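*Asks:* A single structure is presented below for examination.
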Amino acid sequence: MQVMFLKIFFSLLAFLVTGLALGISVAGWYYEKFEHVTIPRVNIPWFVLLALVVLLAIEAAQIFSLLKAVKREFMQFDQDN
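Encoded structure:
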């Protein structure tokens with residue numbers, strides 16, 4: 027059971043890091059394109075952004091799958107079912 031929680035924790039951590047990288051890049055592009063403000067930003071090529079989006083989708087699916095497995099383990103201990 028502890029292994030499941032560690033898997034969920036590290037999946038959430040990977041989701042956070044990937045989301046931050048994507049968010050920083052998109053925010054810098056938005057400010058430069060629409061607000062006409064030049065801020066220091068991370069220049070990431072489009073194919074890396076695409077890979078980040080795919081990685082976020084995979085991480086989200088993995089997190090929901092792990093949470094479903096944890097729920098299934100908890101249901102085994104439930105006396106009502």
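Quick note on the working numbering: the sequence shown kicks off at 27 and runs consecutively. Heads up, the beta-carbon is just placed ideally off N, CA and C, and yes, glycines get one too. In this text the structure is predicted, and so the values were computed from the model without any measurement.
Whole angstroms are fine: how far does the CA of S37 sit from the CA of T64?
*Replies:* In the sequence shown, residue 64 corresponds to position 38, counting from 1. In the sequence shown, residue 37 corresponds to position 11, counting from 1. When rounded, the distance between both Cα atoms is 34 Å.
*Asks:* Look up T64 in the DSSP assignment and say whether it is helix, strand or coil.
*Replies:* Within the sequence shown, the letter at position 38 stands for residue 64. Coil, per DSSP.
*Asks:* So, do the stretch 91 to 104 and the stretch 43 to 61 have three or more beta carbon pairs nearer to each other than 8 Å?
*Replies:* Too few Cβ pairs lie closer than 8 Å, so no.
*Asks:* I50 by DSSP, collapsed to three states: which one?
*Replies:* Locating residue 50 in the sequence shown gives position 24, counting from the first residue. If DSSP states are grouped into helix, strand and coil, I50 belongs with the helices.
*Asks:* Measuring only the C-alpha atoms, how far is F73 from M30?
*Replies:* Locating residue 73 in the sequence shown gives position 47, where the first residue counts as 1. Locating residue 30 in the sequence shown gives position 4, where the first residue counts as 1. Approximately 32 Å between the Cα atoms of the pair.
*Asks:* Could you have a look at I89 and say whether DSSP puts it in helix, strand or coil?
*Replies:* As a position in the sequence shown, residue 89 is number 63, starting the count at 1. If DSSP states are grouped into helix, strand and coil, I89 belongs with the helices.
*Asks:* I50: which of P66, Q102, F60, L32 sits nearest, CA to CA?
*Replies:* In the sequence shown, counting from the first residue as 1, residue 50 sits at position 24. Out of P66, Q102, F60, L32, P66 has the C-alpha closest to the C-alpha of I50.
*Asks:* Rounded to the nearest angstrom, what separates Q102 and I89 at their Cα positions?
*Replies:* Mapped onto the sequence shown, residue 102 falls at position 76. Mapped onto the sequence shown, residue 89 falls at position 63. In a straight line, the C-alpha of Q102 is about 20 Å away from that of I89.
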